[in-house]
């Protein structure tokens, strides 16, 4: 439960930090205001819709994200072509080279990325609650096909809005802002609007899922088990809405605090594996190995 809450807090923080940086880069909005408004929007949305609305919205949001990414990819390919970007990448100093698998920073990032994302998938309650809510016959196929389809999103954003920016020599001070600035460079104000729409879709989808997961952990594992085991459905729903609102506002304040102390998206992303990935192997053994004990899993995760 503790690892689950920690994972949801970290993922929600990354969503808010990334969204606030993008809004600031494209619109000039104060990052503190953006960091508070973003969780406020998906908190209200989650309180009204719940898990079912999250399922439907996730599908529609993903379709929109794929359409917008296809537009950016087409513009990069037609407007600049592969050759000019490749030549620009070749001109980058050797210590920052992106065209080699021998890049030490790239190797470190790959290791951190794999370890960290094992944790954010295995220990994230939002994945488990979707698996539980799905039919057994459909769950495994849905996760496999969904994972394959999802791969195109980070791959396309990193390539067409990240690597392309480096290859074209854009002067970007903050690496976290490369994607929104590249979108603006490609299509001007239209690119900014498209990126903001894509950002809104991603933030709403992920933020609502994480907030629902946090609420389920607190209400089901803490309130219903330890505080009020005989709570009625109406009472449970009321507590769920209070928890959702409270946690959403708290995440906004927490994100502002992170900005205040100088902690950005890159740091949180790099550090997430340290906090949550220790639970991956114990959790897997608990599911797959009949000799695994609760005591062993507990201390193994620590």
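In my numbering, the protein residues as written are 58 to 359. Glycine is no exception: its CB is placed at the ideal position from the N, C-alpha and C atoms. Fair warning: this is a prediction, and the values are worked out from it, not measured in the lab.
Q) Cβ of residue 265 within 8 Å of Cβ of residue 99? A) In the chain shown, counting from the first residue as 1, residue 265 sits at position 208. In the chain shown, counting from the first residue as 1, residue 99 sits at position 42. Yes. Within cutoff.
- Message: Can you look up residue 320 in the DSSP assignment and give me helix, strand or coil?
- Response: In the chain shown, residue 320 corresponds to position 263, counting from 1. DSSP places residue 320 in coil when its eight states are reduced to three.
Report the CB separation of residue 70 from residue 235 in whole angstroms; it is logged as a contact under 8 Å.
Taking the first residue of the chain shown as position 1, residue 70 is located at position 13. Taking the first residue of the chain shown as position 1, residue 235 is located at position 178. Not confirmed; about 20 Å, so no contact.
> Once you ignore the five residues that flank residue 298 on each side, which residues in its own chain have a CB closer than 7 Å to its CB?
Replying inline: Counted from its first residue, the chain shown places residue 298 at position 241. For residue 298, where only same-chain residues beyond five positions count, the Cβ hits under 7 Å are 104.
Worksheet item: Using 8 Å as the Cβ pair cut-off and three pairs as the minimum, do the region 170-180 and the region 333-341 touch?
Response: Contact between the region 170-180 and the region 333-341 is present, because at least three Cβ pairs lie under 8 Å.
- Task: Could you tell me which of 290, 281, 270 and 145 sits nearest to residue 222, measuring between CA atoms?
- Result: By 1-based counting over the chain shown, the position of residue 222 is 165. Nearest C-alpha to residue 222: 145.
Quiz item: Terminal residues of the continuous alpha helix (DSSP H) containing residue 286?
Solution: The residue given as residue 286 occupies position 229 in the chain shown. Here residue 286 belongs to no alpha helix (DSSP H), and DSSP marks it neither H nor E.
| task | State yes or no: is the C-beta of residue 366 within less than 8 Å of the C-beta of residue 261? | result | What the structure shows of the chain is the stretch from 58 to 359, and residue 366 is not part of that stretch, so it cannot be assessed.
(request) Sort 123, 220, 172 and 181 by Cα distance to residue 149 and report the nearest one. (result) Position 92 of the chain shown, counted from the first residue, corresponds to residue 149. Ranked by how close their Cα comes to the Cα of residue 149, the residues 123, 220, 172 and 181 have 220 in first place.
**Where residue 147 falls, given that 16 or more other Cβ within 10 Å makes a residue buried** = Within the chain shown, residue 147 is the residue found at index 90, counting from 1. Its Cβ having fewer than 16 others within 10 Å, residue 147 is exposed.
Assigned exposure category for residue 206 - 16 Cβ within 10 Å defines buried | Numbered from 1 along the chain shown, position 149 holds the residue referred to as residue 206. Around the beta carbon of residue 206, fewer than 16 other beta carbons sit within 10 angstroms, so the residue counts as exposed.
**Item:** Nearest to residue 317 (by Cα), restricted to the options 248, 88, 162 and 80
**Value:** Taking the first residue of the chain shown as position 1, residue 317 is located at position 260. Closest option to residue 317, Cα to Cα, is 88.
Original post:
Could you check where the alpha helix (DSSP H) with residue 266 kicks off and where it finishes?
Top reply: Numbered from its first residue, the chain shown carries residue 266 at position 209. It spans 246-273 - the alpha helix (DSSP H) in which residue 266 sits, taken as one unbroken run.
- Report buried or exposed for residue 345, applying the criterion of at least 16 other Cβ atoms within 10 angstroms of its Cβ. The count along the chain shown starts at 1 and reaches residue 345 at position 288. With fewer than 16 Cβ atoms within 10 Å of its Cβ, residue 345 is classed as exposed.
query = Tell me which same chain residues have a C-beta within less than 8 Å of the C-beta of residue 133, skipping the five on either side of it?
reply = The residue labelled residue 133 in the question sits at position 76 within the chain shown. Excluding residues within five positions, the ones whose Cβ falls inside 8 Å are 142, 217, 221 and 243.
inquiry  = Using C-beta distances below 7 Å, list every residue in its chain close to residue 327, excluding the 5 sequence neighbours before and after it, in chain order.
reply    = As a first step, residue 327 is located in the chain shown; it is residue number 270 there, counting from the start. Correct list, in chain order: 169.
- Nearest-angstrom Cβ-Cβ length linking residue 249 and residue 240, presumed shorter than 8 Å: Within the chain shown, residue 249 is the residue found at index 192, counting from 1. Within the chain shown, residue 240 is the residue found at index 183, counting from 1. Rounded, the Cβ-Cβ distance is 6 Å, consistent with contact.
**Study point:** Proximity to residue 267 [Cα-Cα], best of 229, 180, 330 and 279
**Key:** Residue 267 sits at position 210 when you count from the first residue of the chain shown. Of the listed residues, the one whose Cα sits closest to residue 267 is 180.
ask   = Measuring CA to CA, which of 85, 254, 83 and 77 is closest to residue 94?
value = Taking the chain shown and counting its residues from 1, the one referred to as residue 94 is at position 37. Among 85, 254, 83 and 77, the Cα nearest to that of residue 94 belongs to 77.
Residue span of the alpha helix (DSSP H) that contains residue 65, given as start and end
Taking the first residue of the chain shown as position 1, residue 65 is located at position 8. From DSSP, the alpha helix (DSSP H) with residue 65 extends over 59-84.
Discussion item. Taking the alpha helix (DSSP H) that residue 174 belongs to, which residues open and close that run?
Written reply: Position 117 of the chain shown holds residue 174. Judged by DSSP secondary structure, residue 174 falls within the alpha helix (DSSP H) whose first and last residues are 161-179.
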